[in-house]
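Colleague: Chains as they are written, first to last, in my numbering: chain A, 1441 to 1823; chain B, 1441 to 1823; chain C, 1441 to 1823.
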Amino acid sequence: DEHWYDRIHMRGYTQIRTGSTVSGDNKEVVYWPDKSVGDNTNFLIRRARLIFYGDVTDNLYLYFQPDFASTPSGSTTGNFGQLRDAYADISFDDKKEFRVRLGQSKIPFSFENMQSSQNRLTLDRADGINTCCRDERDIGAFFYWAPAEIRERFRDLVANNLKGSGDYGVFAFGVYNGQGANRVELNNDMHMVARVTYPYQFSNGQIFEAGVEGLHGRFVTSNGPISIVTPNGPVNITPVMVAPAQGFVDERVAVHAVLYPQPFGLQAEWNWGRGPQLNAAQRLITDSSLNGGYVQATYKYDAGAWGIMFPFVKWQYYEGGQKFERNAPRNLVNDLEFGVEWQVTKAIELTAEYHMMNRTDVLNAPYNQFRADVVRVQVQWNY
Amino acid sequence: DEHWYDRIHMRGYTQIRTGSTVSGDNKEVVYWPDKSVGDNTNFLIRRARLIFYGDVTDNLYLYFQPDFASTPSGSTTGNFGQLRDAYADISFDDKKEFRVRLGQSKIPFSFENMQSSQNRLTLDRADGINTCCRDERDIGAFFYWAPAEIRERFRDLVANNLKGSGDYGVFAFGVYNGQGANRVELNNDMHMVARVTYPYQFSNGQIFEAGVEGLHGRFVTSNGPISIVTPNGPVNITPVMVAPAQGFVDERVAVHAVLYPQPFGLQAEWNWGRGPQLNAAQRLITDSSLNGGYVQATYKYDAGAWGIMFPFVKWQYYEGGQKFERNAPRNLVNDLEFGVEWQVTKAIELTAEYHMMNRTDVLNAPYNQFRADVVRVQVQWNY
Amino acid sequence: DEHWYDRIHMRGYTQIRTGSTVSGDNKEVVYWPDKSVGDNTNFLIRRARLIFYGDVTDNLYLYFQPDFASTPSGSTTGNFGQLRDAYADISFDDKKEFRVRLGQSKIPFSFENMQSSQNRLTLDRADGINTCCRDERDIGAFFYWAPAEIRERFRDLVANNLKGSGDYGVFAFGVYNGQGANRVELNNDMHMVARVTYPYQFSNGQIFEAGVEGLHGRFVTSNGPISIVTPNGPVNITPVMVAPAQGFVDERVAVHAVLYPQPFGLQAEWNWGRGPQLNAAQRLITDSSLNGGYVQATYKYDAGAWGIMFPFVKWQYYEGGQKFERNAPRNLVNDLEFGVEWQVTKAIELTAEYHMMNRTDVLNAPYNQFRADVVRVQVQWNY
Chain A
1441 DEHWYDRIHM RGYTQIRTGS TVSGDNKEVV YWPDKSVGDN TNFLIRRARL IFYGDVTDNL
1501 YLYFQPDFAS TPSGSTTGNF GQLRDAYADI SFDDKKEFRV RLGQSKIPFS FENMQSSQNR
1561 LTLDRADGIN TCCRDERDIG AFFYWAPAEI RERFRDLVAN NLKGSGDYGV FAFGVYNGQG
1621 ANRVELNNDM HMVARVTYPY QFSNGQIFEA GVEGLHGRFV TSNGPISIVT PNGPVNITPV
1681 MVAPAQGFVD ERVAVHAVLY PQPFGLQAEW NWGRGPQLNA AQRLITDSSL NGGYVQATYK
1741 YDAGAWGIMF PFVKWQYYEG GQKFERNAPR NLVNDLEFGV EWQVTKAIEL TAEYHMMNRT
1801 DVLNAPYNQF RADVVRVQVQ WNY
Chain B
1441 DEHWYDRIHM RGYTQIRTGS TVSGDNKEVV YWPDKSVGDN TNFLIRRARL IFYGDVTDNL
1501 YLYFQPDFAS TPSGSTTGNF GQLRDAYADI SFDDKKEFRV RLGQSKIPFS FENMQSSQNR
1561 LTLDRADGIN TCCRDERDIG AFFYWAPAEI RERFRDLVAN NLKGSGDYGV FAFGVYNGQG
1621 ANRVELNNDM HMVARVTYPY QFSNGQIFEA GVEGLHGRFV TSNGPISIVT PNGPVNITPV
1681 MVAPAQGFVD ERVAVHAVLY PQPFGLQAEW NWGRGPQLNA AQRLITDSSL NGGYVQATYK
1741 YDAGAWGIMF PFVKWQYYEG GQKFERNAPR NLVNDLEFGV EWQVTKAIEL TAEYHMMNRT
1801 DVLNAPYNQF RADVVRVQVQ WNY
Chain C
1441 DEHWYDRIHM RGYTQIRTGS TVSGDNKEVV YWPDKSVGDN TNFLIRRARL IFYGDVTDNL
1501 YLYFQPDFAS TPSGSTTGNF GQLRDAYADI SFDDKKEFRV RLGQSKIPFS FENMQSSQNR
1561 LTLDRADGIN TCCRDERDIG AFFYWAPAEI RERFRDLVAN NLKGSGDYGV FAFGVYNGQG
1621 ANRVELNNDM HMVARVTYPY QFSNGQIFEA GVEGLHGRFV TSNGPISIVT PNGPVNITPV
1681 MVAPAQGFVD ERVAVHAVLY PQPFGLQAEW NWGRGPQLNA AQRLITDSSL NGGYVQATYK
1741 YDAGAWGIMF PFVKWQYYEG GQKFERNAPR NLVNDLEFGV EWQVTKAIEL TAEYHMMNRT
1801 DVLNAPYNQF RADVVRVQVQ WNY
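1) So which residues of chain B does arginine 1451 of chain C contact, with C-beta pairs closer than 7 Å?
2) Specify, as a first and last residue, the run of the alpha helix (DSSP H) that leucine 1706 of chain C falls within.
3) Could you tell me whether the Cβ of valine 1819 of chain B comes closer than 8 Å to any Cβ of chain A?
4) Starting from the Cα of glutamate 1589 of chain B, find the closest Cα among B:Pro1639, B:Tyr1700, B:Arg1623 and give me that residue.
5) Report the partner residues of alanine 1792 of chain C according to the DSSP bridge assignment.
6) Along the chain, which unbroken stretches of the alpha helix (DSSP H) at least 4 residues long are found entirely within the stretch 1575 to 1627 of chain C?
7) If you count every other CB in all the chains shown that lies within 10 Å of the CB of leucine 1724 of chain C, and 16 or more means buried, which is it?
8) Should glycine 1478 of chain A go down as buried or exposed, given a rule of 16 or more other Cβ atoms within 10 Å for buried?
9) Using a Cβ-Cβ cut-off of 8 Å, state whether phenylalanine 1520 of chain C counts as contacting chain A.
10) Report back the beta-carbon spacing between glutamine 1707 of chain B and valine 1698 of chain B to the nearest angstrom; my notes put them in contact at under 8 Å.
11) With 16 other CB atoms within 10 Å as the buried threshold, where does arginine 1799 of chain A fall?
12) Could you check where the beta strand (DSSP E) with tyrosine 1503 of chain C kicks off and where it finishes?
13) May I have the straight-line CA-CA distance separating aspartate 1596 of chain B from phenylalanine 1532 of chain B, to the nearest angstrom?
14) Closer than 9 Å, Cβ to Cβ, to anything on chain C: give me those residues from the stretch 1485 to 1512 of chain B, in chain order.
15) Taking only three categories from DSSP, how would you classify glycine 1431 of chain C?
16) Determine whether the Cβ of alanine 1743 of chain C lies closer than 8 Å to any Cβ atom of chain B.
17) Using only the alpha-carbon positions, how far apart do alanine 1528 of chain C and proline 1587 of chain C sit?
18) Please go through the same chain and pick out, in chain order, the residues whose beta-carbon is closer than 7 Å to the beta-carbon of arginine 1539 of chain B, but skip the five residues on each side of it.
19) On a CA-only basis, which of B:Tyr1493, B:Gln1818, B:Thr1562, B:Arg1811 is nearest valine 1469 of chain B? Give me that one, please.
20) Alpha carbon to alpha carbon, how far is proline 1684 of chain B from asparagine 1482 of chain C? Give it in angstroms, no decimals.
21) Indicate whether the contact test is met: 3 or more Cβ pairs, each with one atom in the stretch 1499 to 1514 of chain A and one in the stretch 1456 to 1466 of chain B, closer than 8 Å.
22) Just reading off the alpha helix (DSSP H) that arginine 1447 of chain B is part of, what are its end residues?
23) At which residues does the beta strand (DSSP E) containing isoleucine 1569 of chain B begin and terminate?
24) Given a threshold of 16 other Cβ atoms within 10 Å of its Cβ, counted over all protein chains shown, does proline 1512 of chain B qualify as buried or as exposed?
25) Ignoring anything shorter than 4 residues or poking outside the stretch 1442 to 1486 of chain B, list the alpha helix (DSSP H) runs there in chain order.
26) Of all the CB atoms in chain C, is at least one closer than 8 Å to the CB of methionine 1797 of chain B?
27) Using the DSSP secondary-structure output, state which residues sit across from serine 1729 of chain C in a beta bridge.
28) Kindly list, in the order they appear in chain A, the residues whose Cβ is closer than 8 Å to that of glutamate 1468 of chain C.
29) For the stretch 1570 to 1577 of chain A against the stretch 1618 to 1629 of chain A, do three or more pairs of beta-carbon atoms, one drawn from each stretch, fall closer than 8 Å, so that the two count as touching?
30) With distances taken from CA atoms, which of B:Lys1546, B:Ala1743, B:Val1496 is nearest histidine 1443 of chain B?
31) Along chain B, which residues have their Cβ under 8 Å away from the Cβ of leucine 1626 of chain A?
32) Name, please, each residue of chain B whose Cβ falls closer than 8 Å to the Cβ of threonine 1516 of chain C.
33) Name the two residues that bound the continuous beta strand (DSSP E) containing glutamate 1537 of chain B.
34) Quick one: residues in its chain with C-beta nearer than 6 Å to the C-beta of arginine 1447 of chain C, no 5 flanking neighbours on either side, listed in chain order?
35) If we count the other Cβ atoms within 10 Å of its Cβ and call it buried at 16 or more, is phenylalanine 1659 of chain C buried or exposed?
36) Give the interface partners of lysine 1786 of chain A over in chain C, defined as CB-CB distance under 8 Å, in chain order.
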């Protein structure tokens, strides 16, 4: 008889962080991806993951990942367990080259979104791309195809510590709700996404991956009162949403290119599109254009008994709406980060970075721009 | 030394759904058991279960089941992990014929409530019976007795894919809080429940189960303002609760009968009782009578390499209060469903059904009746 | 190749409770540590724990403990999964005498706070000490040192059923946020804690442990309106917080002493300090002094086939602010408890106690004092 623990495996990782503003608009710093940055902060559990996974049967692969660093909206207490992934990969051939992924999973758009936070160098993803998809995920159905030898290459790029994305297919196509992971669907429209990517291996072993992707749908954003100063004192005005019944057009096209770090690595992405955005007068939310991306360089240095080090530098830019925050404020980002990820052992990773922020506080009206240099530190343990 | 993974086992299942209203009062469809049905919906994770269970010691059996498709009240983000079951079976004899079950577990009332959603044919339980018990469960203490050979029969009815309920005893008796699973107790009164059921096996192997059950207690319902149109415009009026201090009388008696599908199956239940209900004028919540149930037929068809199929048809009726929704609105249900559960493999099940609804929107005042035909699809994966 | 289930282990425990007020101010009983006590209560799941732990690598020990009896603030539905512990022990030597613990874990202050609720005799910890630290835990970094033979002794005190605390070092020092487990940090200040304890073993095998500990930081409390009766009727007044920008001084020093039950056991702690407290007029929250502790005696009686019994008696006293409740009300406690913990088997424990309460309702203004005798019962199952 078969044992349950051979069908279902468990692993995970946890990240704790702290950040210190060393110069700039100290009191104004509100960085939406990480609440350990800004005034009146210290330690934060950024992610606390348990992953249950395995080949349950020949044609069913399970992936079930709650995160225990999540807070229900409206609650002042946090660190509750909430799904990130809950999907089944159903394969239609022996080599599992053709798969359908059902449930909540990552939307196949971009390279960085696909790459696990367990493996990413910078502490957070770049806004330019990441604003496409709340928590990178949604509920839907996704088709993936990749030849067996490329599936193996995707696997090796992670297993050999080359900062791969995992296997999201050479070709991907999917439909999903479109309001973001763990959110209630708010229209009858479904989002569609398609992606092509290919990791080409040169005869010297170097691997270069490039691809293109696009998504399209309708997004229902939310609005709320903004305090606006008038000659008669402050008044609360709620911006008017100028959108059809099924919500704002939400569409993007992106390109990505990755030279894997053997030892020098280079990674870049850019996307262009349209989505909801608060206008300059902060009275209307309208369908607006957006664009952004990043360029990142790294070097994989094997320090022997001292572990492995990945010094890195990254520049990111974004100009467009922050669709999943209230009022879809305009988000303007021009950030530079440099730092190092030190893999002390296989189980312990320390990342320190200097993050030069020039960005918008998208969480609080009137959505001020701020500049600040922040020293950020993360310890991650893998299990 | 003993291994932890021999004492504690893990399994689970996940369901994703979508529903499409094909005719009827499209905009009015609000179906309380399933938010993938109705306007502005698409995919939904209906259940995402992890089950930790096992014989921890000779006389202690553990069952611990969180569901990761739950939403805290008041939160706009979902898919949090919340208990369904957390109980210990303490047995008093070697054959475990006498057991006490402590913690949160299913209230032994009805057949369909006992049967796991992993095994049920229709996507949701019938309102007539299911309105007895929020999430079928509560915190309490339950006594179960069944002879060893009947325990084995209950087990086989599930193991042999005959859509059994599992072993809730030939005789059951229990006390529990009464406000529903994961709810705070609101009075000093405890509910009581008793149940007798017996799965009789004929000499030709056919198994017929029948039983009777009853519950009694006091239920504290909640009220809130209902907008009522008057000559002077709409006004909000909160219905007055006409109940003693410990809450409304809440009592039911039911009968159930099941012919297990070898290959033709038939299943029926009905219950009668009293409980809180909003009156016709929607000004008072009073102690009122209720009754309802269902009849269901199926056929187990083994399609060889194509898997196993269970075509089914079900009619359900209910007239009575919806006690665990605000204002305990009157719920009138007269639904017909037909469809098929296709067990593609042991791990993958696809259910499609045509659900002809004639029922009340019990979630939104003024609690309109609506009619609609809804095509509903579910994929379930077992692990 | 190594198996995941040898690196990560799973265990846990669940507690259900009920309480009955047998005399005193029956309607006034509100006991903040346990909602199974008081009017309109019956059964409660007090704790439902899953613990994932193990030596992931030679120098990394994992401890990950969600509790599935938690309620997000503001939600009326409970039993959600929320972190208690999520930490990594990183050791710097082969014997693991020097460790740093990162993540959310217990603050090394007091003996009773360190001891697991799985092993404690009384159903709840004493307010005098426990008010130092919401849920005993916080996010931070803690250094622990203990010689290998003392580490073994700490382990044996638990393994041999002597009600030990586990190994929190002979010497401990740490920094942490200071607002409590699963709470958002609200100032730039970090709390500091230090602790020394030593379990001395006499030649006759008796073990006596004593120690001293202190903590210091700034705590940001919250305030809200209190209804105050005036000649013109009730008015809502919100107390004014008299505190510097970074919050109230929050500091304590404590001593503890434990004679382990072989078979007679004695345990005592006391602490003195300062913290926020609502003043007598209930108009101001100010920096005030506090003190409190407890004395507890027990006897370990081995009843052979009937299991093991620990009759116990405990007196506790506290006078000081309840800093983590709104308005930091003054809490005055003078309670006497006696009862017995009956370990029926290794997996099943039954505790019954008679709790003579003389304490403050710290959850509801105007924060009345009440007296009541409560019979309390708990069943715990270990897995």
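For glycine and all other residues, C-beta sits at the position ideal for the given N, C-alpha and C.
Modeller: Let me spell this out:
1) Scanning chain B for C-beta atoms nearer than 7 Å to the C-beta of arginine 1451 of chain C yields Trp1444, reported in chain order.
2) Premise fails: leucine 1706 of chain C lies in the beta strand (DSSP E), 1704 to 1718, not in any alpha helix (DSSP H).
3) It does: the Cβ of valine 1819 of chain B has a partner Cβ on chain A nearer than 8 Å.
4) Of B:Pro1639, B:Tyr1700, B:Arg1623, the residue nearest in Cα terms is B:Pro1639.
5) Beta-bridge pairing links alanine 1792 of chain C to C:Val1780, C:Val1817.
6) Qualifying alpha helix (DSSP H) stretches, in chain order: 1588 to 1599.
7) By the neighbour-count rule (16 or more Cβ atoms within 10 Å), leucine 1724 of chain C is not buried but exposed.
8) If you draw a 10 Å sphere on the C-beta of glycine 1478 of chain A, you find 16 or more other C-beta atoms in it, and that means buried.
9) So, interface residue.
10) Your pair glutamine 1707 of chain B and valine 1698 of chain B checks out as a contact, with CB atoms roughly 5 Å apart and the cut at 8 Å.
11) It counts as buried.
12) In this chain, the beta strand (DSSP E) harbouring tyrosine 1503 of chain C covers 1500 to 1510.
13) Their backbone Cα atoms lie some 23 Å apart in a straight line.
14) When CB distances to chain C are screened at a threshold of 9 Å, the residues of the stretch 1485 to 1512 of chain B falling below it are Phe1492, Gly1494, Val1496, Thr1497, Asp1498, Asn1499, Leu1500, Leu1502, Phe1504, Pro1506, Phe1508, Ser1510, Thr1511, Pro1512, in chain order.
15) Nothing about residue 1431 of chain C can be read from this structure; chain C reaches only from 1441 to 1823.
16) Answer no: the Cβ-Cβ gap between alanine 1743 of chain C and chain B never drops below 8 Å.
17) Approximately 20 Å, taken between the alpha carbons.
18) Answer for arginine 1539 of chain B: Asp1529, Ile1530, Ser1531, Tyr1584, listed in chain order.
19) Closest option to valine 1469 of chain B, Cα to Cα, is B:Arg1811.
20) Cα to Cα, the separation comes out at about 18 Å.
21) Cβ pair count under 8 Å is below three, so no.
22) Where arginine 1447 of chain B is concerned, the enclosing alpha helix (DSSP H) starts and stops at 1444 to 1447.
23) Run containing isoleucine 1569 of chain B: none in the beta strand (DSSP E); it sits in the alpha helix (DSSP H), 1567 to 1570.
24) Proline 1512 of chain B comes out buried.
25) Whole alpha helix (DSSP H) segments, 4+ residues: 1444 to 1447.
26) No - not a single Cβ of chain C is within 8 Å of the one on methionine 1797 of chain B.
27) DSSP lists C:Arg1714 as the beta-bridge partner residues of serine 1729 of chain C.
28) Within 8 Å of the CB of glutamate 1468 of chain C, no CB atom of chain A is found; the nearest one sits about 27 Å away.
29) Counting C-beta pairs with one atom in each stretch, the stretch 1570 to 1577 of chain A and the stretch 1618 to 1629 of chain A have three or more that are closer than 8 Å, which means they touch.
30) Taking each of B:Lys1546, B:Ala1743, B:Val1496 in turn and checking the Cα distance to histidine 1443 of chain B, the smallest one comes out for B:Val1496.
31) Correct list: Asn1480.
32) Within chain B, the residues near threonine 1516 of chain C are Ser1513, Gly1514, Arg1623, Val1624.
33) Boundaries for glutamate 1537 of chain B: no beta strand (DSSP E) harbours it, and the DSSP string shows neither H nor E there.
34) Here the set comprises Gly1494, Val1496.
35) It counts as buried.
36) Correct list: Thr1497.
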